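Note sheet for the following structure.
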Amino acid sequence: MLASSHAERDAVCMDTRSDTDTDTVIVGGGPAGLMLGLLLARRGLRVTVIEKHADFLRDFRGDTIHPSTQELLGELGLLDDFLARPHADMSEVTLSWHGTELTLADFSHLPTARKVMTFMPQWDFLDLLASSAEEFPGFRLLRSTRIQDVVREEGRIVGVTGTGPDGPVDIRAHLVVDASGRDSELRTAAGLSPVGVAASMDVLWFRLPKDGDEVYPFIQAGAGMAITIDRGDFFQIAHVIPAGAWTGSEDDLHRMNERLRRISPRLGAAAAHLRPADVHLLRVRLERLRRWHVDGLLCIGDSAHAMSPAGGVGINLAIQDAVAADRILGPVLSTRVPQRADLRRVERRRVWPVIVTQAIQRRLQGPLLASGAADAPLPFPLRMLRDHPRLSRITGRFVGIGARPEYLR
1 MLASSHAERD AVCMDTRSDT DTDTVIVGGG PAGLMLGLLL ARRGLRVTVI
51 EKHADFLRDF RGDTIHPSTQ ELLGELGLLD DFLARPHADM SEVTLSWHGT
101 ELTLADFSHL PTARKVMTFM PQWDFLDLLA SSAEEFPGFR LLRSTRIQDV
151 VREEGRIVGV TGTGPDGPVD IRAHLVVDAS GRDSELRTAA GLSPVGVAAS
201 MDVLWFRLPK DGDEVYPFIQ AGAGMAITID RGDFFQIAHV IPAGAWTGSE
251 DDLHRMNERL RRISPRLGAA AAHLRPADVH LLRVRLERLR RWHVDGLLCI
301 GDSAHAMSPA GGVGINLAIQ DAVAADRILG PVLSTRVPQR ADLRRVERRR
351 VWPVIVTQAI QRRLQGPLLA SGAADAPLPF PLRMLRDHPR LSRITGRFVG
401 IGARPEYLR
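Those letters in the sequence shown? Residues 1 to 409, by UniProt numbering.
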């Protein structure tokens, strides 16, 4: 499983590889960055992952682990460790539209060992990846370290600079991978900028207390949409609203409560105590880079393509980017410095599923924002799922494994 030792590899490749601090430096300790770091470390490569925060404990992040990602964890021998952590499984995604129940996505027919979407706090998932990667001697994780710039030599990016707990940080690498998210400063420093379409929706996140065995439908709709995630001792709510409809004022809060009461009177009553400071805004962006790379640097995950939260598929796509990057670039890094043609192979492999997914997400924005009276007809996509239940298997495949799943085999 492991590649040859560093000494043997450097001896073979001394004509094409210069002395560096690490084979790969990955900026961003999210799902894409840590998964790629783990996969490359398994090959015996030297990998440094840089995370700007001191830990992974941040709220209101994507917590969905899709069936295809769980299949990957099984390939890595990590599935039992994953399932030993607190989690909840969902075999189908259901929606309540003014009391009309229907299935949006059915995972029961997927060609995966686990045919469920699993909810797990992202910090637990990231901790699993980090602790697994740290078992390999070539892996290191630098926390509380912010990268501000790239290092160039003869027109090629050869490293990054920034600030860590002990002062300036300067790391040289054969490859820099930007997995730092949709607000990446590294991407800007490399001269890359995304293009996209204006999203018509934003998402409000907030918590509500849980009273004993109280339950809510997972998705409720009819005046926008509300998703309720049961966290055991509280509910985490995601409320879809029109883009630009939230400035954090008391009037905005009142309008939010009115929408929630139209979706679910009980949910609206539970949210009546909230203050504007309790509500967190996620501005939805649908954008991607025209080119994911420059000489010496590759972008993956949200840094390459910011996704809508619809379906929770952004994490799945980011992890699939990491798997493709490992499969294509791992063997290259074992023998030589990756060239732009190598980085272009990763982009070509992954850009098609991104384009398809973003096109579908754009089409979903209208139904997600749809608002109507209790006796109004269902929006057309929901009527199709109600009248043709087998269509939920198709949506289940799209959400559960994606347009182009990536595995190690």
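Even glycine gets a Cβ: it sits at the ideal position worked out from N, Cα and C.
The structure presented is a predicted model; accordingly, all values stated were derived computationally and were not measured.
- Output the distance between the C-alpha atoms of V313 and R397, rounded to the nearest integer angstrom. Translated into positions along the sequence shown, residue 313 becomes position 313. Translated into positions along the sequence shown, residue 397 becomes position 397. One C-alpha to the other measures close to 11 Å.
- Selected residue, minimal CA-CA separation from A374, among A221, D230, T145: The residue you call residue 374 lines up with position 374 of the sequence shown. Checked all of A221, D230, T145; the closest Cα to A374 is A221.
- Message: So, with DSSP's three-state summary, where would you put Q122?
- Response: As a working note, residue 122 is residue 122 in the sequence shown. Looking at Q122 - three-state DSSP - the assignment turns out to be helix.
- Query: Does the separation of the CB atoms of M117 and F125 fall below 8 Å?
  - Reply: As a working note, residue 117 is residue 117 in the sequence shown. As a working note, residue 125 is residue 125 in the sequence shown. No. Outside cutoff.
- Task: Could you please give the first and the last residue of the uninterrupted alpha helix (DSSP H) stretch that includes T395?
- Result: Against the sequence shown, residue 395 aligns to sequence position 395. Residues 391 to 400.
- Does DSSP put Q339 in a helix, in a strand, or in coil? Stepping through the sequence shown from its first residue, residue 339 is reached at position 339. Coil, per DSSP.
- Is it true that the segment 228 to 240 meets the segment 317 to 331, where meeting means three or more beta-carbon pairs spaced less than 8 Å apart? no
- Message: Can you give me the C-alpha to C-alpha distance between R42 and I328, rounded to a whole angstrom?
- Response: Counting from 1 along the sequence shown, the entry for residue 42 is found at position 42. Counting from 1 along the sequence shown, the entry for residue 328 is found at position 328. Roughly 14 Å separates the two Cα atoms.
- Item | Own chain, CB closer than 8 Å to A245, minus 5 neighbours either side, in chain order | Position 245 of the sequence shown, counted from the start, is the residue given in the question as residue 245. So the qualifying residues of the chain are D202, D252, R255.
- Message: Suppose contacts are defined by Cβ-Cβ distances below 8 Å. Is G37 in contact with S180 by that definition?
- Response: The residue you call residue 37 lines up with position 37 of the sequence shown. The residue you call residue 180 lines up with position 180 of the sequence shown. Not in contact: G37 and S180 (Cβ atoms no closer than 8 Å).
- For P389, which residues of its own chain have a beta-carbon under 7 Å away from its beta-carbon, when the five flanking residues on both sides are left out? Indexing the sequence shown from 1 puts residue 389 at position 389. Result list for P389: T103, in chain order.
- Bridge partners of V169, per DSSP? Indexing the sequence shown from 1 puts residue 169 at position 169. DSSP lists G162 as partners of V169.
- Query: Taking buried to mean at least 16 other C-beta atoms within 10 Å of its own C-beta, is G297 buried or exposed?
  - Reply: Translated into positions along the sequence shown, residue 297 becomes position 297. The amino acid occupying residue 297 in the given sequence is Leu; Gly does not appear at that position. Burial call: buried.
- Item | Within 8 Å, strictly: CB atoms of L142 and T48 | Translated into positions along the sequence shown, residue 142 becomes position 142. Translated into positions along the sequence shown, residue 48 becomes position 48. In contact: L142 and T48 (Cβ atoms closer than 8 Å).
- Does DSSP put F380 in a helix, in a strand, or in coil? Counted from its first residue, the sequence shown places residue 380 at position 380. Of the three classes helix, strand and coil, the one that applies to F380 here is helix, per DSSP.
- Query: If we ignore side chains and look at the alpha-carbon of each, how far apart do A304 and R290 end up?
  - Reply: Stepping through the sequence shown from its first residue, residue 304 is reached at position 304. Stepping through the sequence shown from its first residue, residue 290 is reached at position 290. Their Cα atoms are separated by approximately 9 Å.
- Query: Do you know offhand how far residue 410's Cα is from I147's?
  - Reply: Here the chain has residues from 1 to 409 only, and residue 410 is not among them.
- Query: Does the distance from the C-beta atom of E287 to that of V169 stay below 8 Å?
  - Reply: Here residue 287 corresponds to residue number 287 of the sequence shown, with the count starting at 1. Here residue 169 corresponds to residue number 169 of the sequence shown, with the count starting at 1. No. Outside cutoff.
- Message: Taking its Cβ as the centre, do 16 or more other Cβ atoms sit within 10 Å of S264, making it buried, or is it exposed?
- Response: In the sequence shown, counting from the first residue as 1, residue 264 sits at position 264. S264 is buried by the Cβ-count criterion.
- Item | Of the listed residues L79, S249, V158, S96, nearest to R262 (C-alpha basis) | What you label residue 262 is simply residue 262 of the sequence shown in a count that begins at 1. Checking every option, the nearest Cα to that of R262 belongs to S96.
- Hey, quick one: how far does the beta strand (DSSP E) through residue 410 stretch, first residue to last? Shown here, the chain extends from 1 to 409; a query on residue 410 therefore has no answer.
- Under a Cβ-count criterion, where at least 16 other Cβ atoms within 10 Å of its own Cβ denotes burial, should G191 be classed as buried or exposed? As a working mapping, residue 191 is identified with position 191 in the sequence shown. By the neighbour-count rule (16 or more Cβ atoms within 10 Å), G191 is not buried but exposed.
- Under the three-state reduction of DSSP, which class applies to I147: helix, strand or coil? Start at 1 with the first residue of the sequence shown, and residue 147 comes out as number 147. DSSP places I147 in strand when its eight states are reduced to three.
- Query: Near T112, what residues of its chain come up, given a Cβ to Cβ distance below 6 Å and the 5 sequence neighbours on each side ignored?
  - Reply: Here residue 112 refers to the residue found at position 112 of the sequence shown. The residues are P67, E71.
- Expressed to the nearest angstrom, what Euclidean distance is found between the alpha-carbon atoms of S4 and P331? Here residue 4 refers to the residue found at position 4 when the sequence shown is read from its first residue. Here residue 331 refers to the residue found at position 331 when the sequence shown is read from its first residue. Below a pLDDT of 50, predicted positions are generally treated as unreliable, and S4, at 39, falls in that range; the measurement from the model is reported next regardless. Answer to the nearest angstrom: the Cα atoms are 11 Å apart.
- Can you list, in chain order, the residues of its chain whose CB lies under 8 Å from that of R409, leaving out five sequence neighbours each side? On the sequence shown, position 409 is the one that residue 409 refers to. E75, listed in sequence order.
- Shortest alpha-carbon distance to I157 belongs to which of L40, F119, A130, L186? The sequence position of residue 157 within the sequence shown is 157, counting from 1. It is L186.
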